[in-house]
Amino acid sequence: MSLALGAAGPAQAGVGLPPVVSHVPTQEKVVFITIDDGWNHDPEAARILLEKRVPAALFLLPGATSYDTGYFTGLTEQGRATVENHTVNHPDLTTLDAAGKDAEVCGAGEQIEEAFGRKPKLLRPPYGAVNDDVRLAAKACGVKALITWTHDFTTWSATPPTPQLKSGDIVLLHFTPTLAADLQRALDAAKAAGLKPAALMPHLKTAGLV
């Protein structure tokens, strides 16, 4: 699963709608670590995130966090992670009617806020599937930007080739059994390119995207 959109996404024609961002325009030597879903709660991945003080945006499904919320509060309270919106049930939002979009996006935002005490401002649309109707629904739910990705480092059936990272790239990872290895590979790739992981939201603000 991969997606390569422009710096602020495919369709900025919808005036006043939150942008779709797959790469952050920046002159700083930074990359952005994002991790999706939340089903596998690997202590080794948590150790890396905490010990290396990695700023990470966690796009979580409420159901994946509910049976062990403490795993993620440890990352947000002791580390530099923030919890963001990835919908309730991981649907392709472009296939849903307005009520369905609202239930998925607003519903997830409400559940994340209840669990973690902070309303998420960023949405990762499942599968990177987005159109202006999705952006409109996201805006109604308080979303400031829809975040896709530049490179997917997740090991699915096989480990993907390691790309050469560039400033502003958004790295996609998943909470799978291979997260620790995938995360370390992403961090090594960033270091090889002279880049450091950075917090996503401040750089979105600096770039004028939110």
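Using full-length UniProt numbering, the first residue of the sequence shown is number 1, and each one after it goes up by one.
Heads up, the beta-carbon is just placed ideally off N, CA and C, and yes, glycines get one too.
None of these values were measured; they are calculated from a predicted model.
Within the stretch 60-141, the runs of alpha helix (DSSP H) at least 4 residues long that lie entirely inside it are, in chain order, 62-65, 69-77, 98-116 and 132-140. Counting C-beta pairs with one atom in each stretch, the stretch 124-144 and the stretch 65-81 have fewer than three that are closer than 8 Å, which means they do not touch. The Cβ atoms of VAL171 and ILE33 lie closer than 7 Å to each other. Look at LYS196 here: in three-state DSSP terms it is strand. For PRO43, the secondary structure class from DSSP, reduced to helix, strand or coil, is helix. Residue pairing by DSSP puts VAL171 in a beta bridge opposite ILE33 and HIS151. Minimum Cα-Cα distance from THR206 among the listed residues THR26, GLU114 and PRO18 corresponds to THR26. Assignment of LEU146 by DSSP, reduced to helix, strand and coil, places it in the strand class. About 4 Å separates the beta carbons of ASN85 and PRO120, which is inside the 8 Å limit, making them a contact pair.
With fewer than 16 other beta carbons inside 10 angstroms of its own, ALA99 counts as exposed.
Using a C-beta cut-off of 8 Å, the stretch 192-204 makes no contact with the stretch 37-46, since fewer than three inter-stretch Cβ pairs fall below that distance. Relative to ARG53, the option among GLU114, PRO62, ARG80 and LEU61 whose CA is nearest is ARG80. When the Cα atoms are used, ASP42 and ALA137 turn out to be separated by approximately 33 Å. Beta-carbon to beta-carbon, VAL88 and ALA108 are separated by about 5 Å, close enough to satisfy the 8 Å threshold. In the DSSP secondary-structure assignment, PRO55 is bridged to ARG80.
Of all alpha-carbon atoms in GLU51, ALA46 and PRO18, the one lying nearest the alpha-carbon of PRO177 is that of ALA46. Residue burial is scored here from C-beta neighbours: PRO161 has fewer than 16 other C-beta atoms within 10 angstroms and is therefore classed as exposed. A straight line joining the alpha-carbon of LYS196 with that of LEU173 spans about 16 Å.
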